[in-house]
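Colleague: Heads up, the sequence shown is in the working numbering, so the first residue is 31 and it goes up one at a time.
This is the structure I want to talk about, given as structure tokens.
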Amino acid sequence: MRPIIHTCRWVLLALLCFNPSMAEEKKLPETKAPPPPGDFAFTLNNGYGEACKFPTDPAVFENLLVNMKKAGFNTIYCVYKDWRIPLCKKHGIRMMVDVLAWHEGAETDIRRNEEQRAAVKAICEKSRGEDAIWGYNIWNEKMAFFGYPDGKSIDDYILMLKEWDPTHPVWMGTYRVNYANAPKSKPGVHAYYDYHWQRGFLWHFADLRWYQGHVKSQNGYTGRWMLGSNYNMNSYTLNTSIAYGLKVVIWFIGGPFDEKGNIDPKHRFFHLVKIGQEMHKLYPEIGKIGRPSEVYSTPTVKSESNKDKEKGQPWGLPGFPKEHWLQVERGEAVLGFFKYDNGPDDAVYVANHNAYAPQEMVLALDPEKCKKASAEIFDRETGNWKELKKSGHKLSFDLRTAGGELIRVKGRKK
31 MRPIIHTCRW VLLALLCFNP SMAEEKKLPE TKAPPPPGDF AFTLNNGYGE
81 ACKFPTDPAV FENLLVNMKK AGFNTIYCVY KDWRIPLCKK HGIRMMVDVL
131 AWHEGAETDI RRNEEQRAAV KAICEKSRGE DAIWGYNIWN EKMAFFGYPD
181 GKSIDDYILM LKEWDPTHPV WMGTYRVNYA NAPKSKPGVH AYYDYHWQRG
231 FLWHFADLRW YQGHVKSQNG YTGRWMLGSN YNMNSYTLNT SIAYGLKVVI
281 WFIGGPFDEK GNIDPKHRFF HLVKIGQEMH KLYPEIGKIG RPSEVYSTPT
331 VKSESNKDKE KGQPWGLPGF PKEHWLQVER GEAVLGFFKY DNGPDDAVYV
381 ANHNAYAPQE MVLALDPEKC KKASAEIFDR ETGNWKELKK SGHKLSFDLR
431 TAGGELIRVK GRKK
């Protein structure tokens, strides 16, 4: 019965995506995707689309940025203020600009009226090439809810942002795949929310696989809202998603900080500090490896919750082809295959299939295709590469609970 279940799942995905009424809109001008995101974005957000959600006192805002950096956050989704730019630049935090905030004190809703739209245009034009700007966020709910404010579609607004500032990406989000392929304006980041641990795990990998294919067709990248819950669930979701090419995460909603911007050990999201500190040195590397060319899974005998299951491919994921240059001899994981820096070197992101148990991983390189190959693992503590333990053509390393590791392979025969 399982193949039938998975076939039905993909049919449902297709039905959820396509919106005939949007497809029949006027033909868009020829458009290309904006530049890709730089570093992986680990994003703090306290709410969006209404008013300023972060401190308006520059000193308190700066203190928040300082502690964000300590906690492994590198992006803040907020209302644009001129004075925030030098502070973000000073502390190495990028601003994802909220272009849906319409209340007094914000008044930068691109959909609202000509006055607010003009304010957004002015922000975009002075943000061109600004490294402290991550980009712009145009939508985060079901795509069907966007409607036609002021008689315009979401494509119209994305094209405005890209015209006013062609140097930064636009985040366009929806619920799972709800009409996700209807807009045609190539925003740069195609994002979604799911919350599978709380609402049912059924769609986690189905959505990741769909976006893996869709973003390639749009020359874009995947973003994802994640609901803060606990270390194991959040680290698992983050790392398995990175294997599928995730480049931006926004935490829903809030972060482990108090009103003065200090790290709060009693906050329900305090575990994000641990995740951010484990991840932050990887952010530039993840930004360099682009989209995965292929993603494969090992068979598993344990579920993502570390419960016994029948041995087989979890959630219908494809296994490794016999002719593939890398095989997994030990450990349960999902592996995304990338090209490092768009050059000849291979990058492999290995994500633990188990959110509650570590893995002893043994990877086997093809003796002929990888005769002269060398392998390195990214050291999260030092931020440097180190030689991976190798015995003959086999590589071994420990994969932490709910974690992931980046491997670089040089010299593989193509």
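Backbone N, C-alpha and C define an ideal beta-carbon position, used for all residues, glycine too.
#1: How is Phe84 classed by DSSP in three states: helix, strand or coil?
#2: Give me, in chain order, the residues of the same chain whose beta-carbon lies closer than 6 Å to that of Tyr166; leave out the 5 immediate sequence neighbours on both sides.
#3: With C-beta atoms as the reference, is Glu362 less than 8 Å away from Gln343?
#4: Just verifying my parser: in three-state terms, what is the DSSP assignment at Tyr370?
#5: For Gly122, I'd like the list of residues in its chain whose CB is within less than 8 Å of its CB, leaving aside the five on either flank, ordered along the chain.
#6: Go through the segment 92-177 residue by residue and report every complete run of the alpha helix (DSSP H) that reaches 4 residues or more, in order.
#7: Beta carbon of Phe72, beta carbon of Tyr261: below 8 Å?
#8: Over the uninterrupted alpha helix (DSSP H) stretch that includes Arg254, give me the two end residues.
#9: With a Cβ-Cβ cutoff of 8 Å, do Ala210 and His220 count as a contact?
#10: Identify the continuous beta strand (DSSP E) that holds His71 and give its terminal residues.
#11: Which stretch, first to last residue, makes up the beta strand (DSSP E) that contains Tyr261?
#12: Would you tell me roughly how many angstroms separate the C-alpha atoms of Tyr222 and Phe235, rounded to the nearest one?
#13: Got a sec? Which residues, its chain only, sit under 6 Å from Met52 by beta carbon, not counting five neighbours each side?
#14: Drop a sphere of 10 angstroms on the beta-carbon of Glu54, count the other beta-carbons inside from all chains shown, and report buried for 16 or more, exposed for fewer.
#15: Using CA coordinates, which residue listed in His423, Lys402, Arg239 and Ser215 is at the minimum distance from Val358?
#16: What three-state label does DSSP hand Tyr205 in the structure shown?
#17: Which of helix, strand or coil does DSSP assign to Ile283?
#18: Do the CB positions of Phe300 and Pro286 come within less than 8 Å of each other?
#19: Distance, Cα to Cα, Asp161 vs Leu418?
#20: List the whole-angstrom C-beta distance separating Gly306 from Gly102, where the pair is believed to meet the contact cut-off of C-beta under 8 Å.
#21: Apply the 10 Å Cβ neighbour rule to Tyr178 and answer buried if 16 or more other Cβ atoms are within range, or exposed otherwise.
#22: Taking the alpha carbon of Arg158 as the point to measure from, which residue in Ala136, Ile140 and Thr197 has its own alpha carbon closest?
#23: Between Pro67 and Val278, how many whole angstroms is the CB-CB distance? I'm expecting something under 8 Å.
#24: In chain order, what residues of the same chain have a beta carbon less than 7 Å from the beta carbon of Lys290, not counting five sequence neighbours either side?
#25: What residue range does the beta strand (DSSP E) around Ile305 cover?
#26: Shortest alpha-carbon distance to Lys172 belongs to which of Asp224, Glu134, Arg360 and Ala136?
#27: If you reduce the DSSP assignment to three classes, tell me which class Arg32 lands in.
#28: Between Asp460 and Trp355, which are expected to be in contact by the criterion C-beta below 8 Å, what is the C-beta distance as a whole number of angstroms?
#29: What residues are listed by DSSP as bridge partners for Ser215?
#30: Closest by CA to Asn76, which one among Phe84, Ile319 and Arg254?
#31: Rounding to the nearest angstrom, what Cα-Cα distance links Leu268 and Asp428 in this structure?
#32: Take Ser215 and list the residues in its own chain whose beta-carbon comes closer than 7 Å to its own, dropping the five residues that flank it on each side.
#33: Considering only C-alpha positions, which residue in the set Ala403, Met309, Ala131 and Glu398 is nearest to Ala81?
#34: Is the beta carbon of Gly250 sitting closer than 8 Å to the one on Gly218?
#35: Considering only residues of the same chain and omitting the five flanking positions on each side of Lys339, which have a CB-CB separation below 8 Å?
#36: Please work out which residues of its chain come closer than 6 Å, Cβ to Cβ, to Asp371, disregarding the five sequence neighbours upstream and downstream, and give them in chain order.
Modeller: For this structure:
#1: Taking the first residue of the sequence shown as position 1, residue 84 is located at position 54. DSSP places Phe84 in coil when its eight states are reduced to three.
#2: On the sequence shown, position 136 is the one that residue 166 refers to. Residues of the same chain with a CB within less than 6 Å of the CB of Tyr166, apart from the 5 flanking positions on each side, are Val127, Val129, Leu191 and Val200 in chain order.
#3: On the sequence shown, residue 362 is found 332 positions in, with the first residue counted as 1. On the sequence shown, residue 343 is found 313 positions in, with the first residue counted as 1. Between Glu362 and Gln343, the gap from beta carbon to beta carbon reaches 8 Å or more.
#4: As a working note, residue 370 is residue 340 in the sequence shown. It is helical.
#5: The residue given as residue 122 occupies position 92 in the sequence shown. The answer, listed in chain order, is Lys99 and Asn104.
#6: Positions of the alpha helix (DSSP H) runs, each at least 4 residues long and wholly inside the segment 92-177, are given as 114-121 and 144-157 in order along the chain.
#7: Indexing the sequence shown from 1 puts residue 72 at position 42. Indexing the sequence shown from 1 puts residue 261 at position 231. Not a contact, by the Cβ cut-off of 8 Å.
#8: Your numbering for residue 254 matches position 224 in the sequence shown. Note, Arg254: premise wrong, no alpha helix (DSSP H); beta strand (DSSP E) at Tyr251 to Leu257.
#9: Residue 210 sits at position 180 when you count from the first residue of the sequence shown. Residue 220 sits at position 190 when you count from the first residue of the sequence shown. Yes, Cβ-Cβ distance for Ala210 and His220 is below 8 Å.
#10: The sequence position of residue 71 within the sequence shown is 41, counting from 1. Sequence check: residue 71 is Ala here, not His. Ala71 -> beta strand (DSSP E) spans Ala71 to Leu74.
#11: Counting from one through the sequence shown, the residue named residue 261 turns up at place 231. From DSSP, Tyr261 is part of no beta strand (DSSP E) but of the alpha helix (DSSP H) over Tyr261 to Ala273.
#12: In the sequence shown, counting from the first residue as 1, residue 222 sits at position 192. In the sequence shown, counting from the first residue as 1, residue 235 sits at position 205. A straight-line Cα-Cα distance of about 13 Å links Tyr222 and Phe235.
#13: Translated into positions along the sequence shown, residue 52 becomes position 22. In this predicted model, Met52 has a pLDDT of only 46, less than 50, meaning its place in the structure is not dependable; the value taken from the coordinates is given anyway. The beta carbon of Met52 sits closer than 6 Å to those of Ala212, all from its chain and outside the five residues before and after it, given in chain order.
#14: As a first step, residue 54 must be located in the sequence shown, where it is residue number 24. Legend: pLDDT at Glu54 = 47, less than 50; position of this residue unreliable, no value from coordinates given.
#15: Translated into positions along the sequence shown, residue 358 becomes position 328. Relative to Val358, the option among His423, Lys402, Arg239 and Ser215 whose CA is nearest is His423.
#16: Along the sequence shown, one-based indexing puts residue 205 at 175. Strand.
#17: Position 253 of the sequence shown, counted from the start, is the residue given in the question as residue 283. Of the three classes helix, strand and coil, the one that applies to Ile283 here is coil, per DSSP.
#18: Position 270 of the sequence shown, counted from the first residue, corresponds to residue 300. Position 256 of the sequence shown, counted from the first residue, corresponds to residue 286. Inclusion of Phe300 and Pro286 in the CB contact set at 8 Å is warranted, their separation being smaller than that value.
#19: Translated into the one-based positions of the sequence shown, residue 161 becomes position 131. Translated into the one-based positions of the sequence shown, residue 418 becomes position 388. C-alpha separation (whole angstroms): 34 Å.
#20: Counting from 1 along the sequence shown, the entry for residue 306 is found at position 276. Counting from 1 along the sequence shown, the entry for residue 102 is found at position 72. Contact holds; Cβ gap of about 2 Å.
#21: Counting from 1 along the sequence shown, the entry for residue 178 is found at position 148. With fewer than 16 other Cβ atoms within 10 Å, it is exposed.
#22: Residue 158 sits at position 128 when you count from the first residue of the sequence shown. Closest option to Arg158, Cα to Cα, is Thr197.
#23: The residue you call residue 67 lines up with position 37 of the sequence shown. The residue you call residue 278 lines up with position 248 of the sequence shown. Right, the Cβ-Cβ distance comes to about 6 Å (below 8 Å), so this counts as a contact.
#24: For the purposes of this step, residue 290 is taken as the residue at position 260 of the sequence shown. Cβ neighbours of Lys290 beyond the five flanking positions: Val90 and Asn93.
#25: As a first step, residue 305 must be located in the sequence shown, where it is residue number 275. Looking at the DSSP string, Ile305 is not in any beta strand (DSSP E); the run it does join, the alpha helix (DSSP H), is His301 to Met309.
#26: Along the sequence shown, one-based indexing puts residue 172 at 142. With distances taken between Cα atoms, Lys172 lies closest to Asp224.
#27: What you label residue 32 is simply residue 2 of the sequence shown in a count that begins at 1. Its pLDDT being 49, under 50, Arg32 is placed unreliably by the model, and nothing is read from it.
#28: No statement about residue 460 is possible, as the shown extent of the chain runs from 31 to 444 and does not include it.
#29: Numbered from 1 along the sequence shown, position 185 holds the residue referred to as residue 215. Answer by DSSP bridge pairing: none, since Ser215 is not bridged.
#30: As a first step, residue 76 must be located in the sequence shown, where it is residue number 46. For the residues Phe84, Ile319 and Arg254, the minimum Cα distance to Asn76 belongs to Phe84.
#31: Here residue 268 refers to the residue found at position 238 of the sequence shown. Here residue 428 refers to the residue found at position 398 of the sequence shown. Using only the alpha carbons, I get a separation of about 18 Å.
#32: As a working mapping, residue 215 is identified with position 185 in the sequence shown. Around Ser215: Leu58, Thr61, Asp185, Ile188 and Leu189.
#33: As a first step, residue 81 is located in the sequence shown; it is residue number 51 there, counting from the start. Out of Ala403, Met309, Ala131 and Glu398, Ala131 has the C-alpha closest to the C-alpha of Ala81.
#34: In the sequence shown, the residue the question calls residue 250 occupies position 220. In the sequence shown, the residue the question calls residue 218 occupies position 188. Cβ distance < 8 Å, so Gly250 and Gly218 count as in contact.
#35: Walking along the sequence shown from the start, residue 339 turns up at place 309. Cβ contact annotation for Lys339 (same chain, cutoff 8 Å, sequence separation greater than five): Thr330, Val331, Lys332 and Ser333, in chain order.
#36: For the purposes of this step, residue 371 is identified with residue 341 of the sequence shown, where counting begins at 1. Taken in chain order, the residues that qualify are Lys318.
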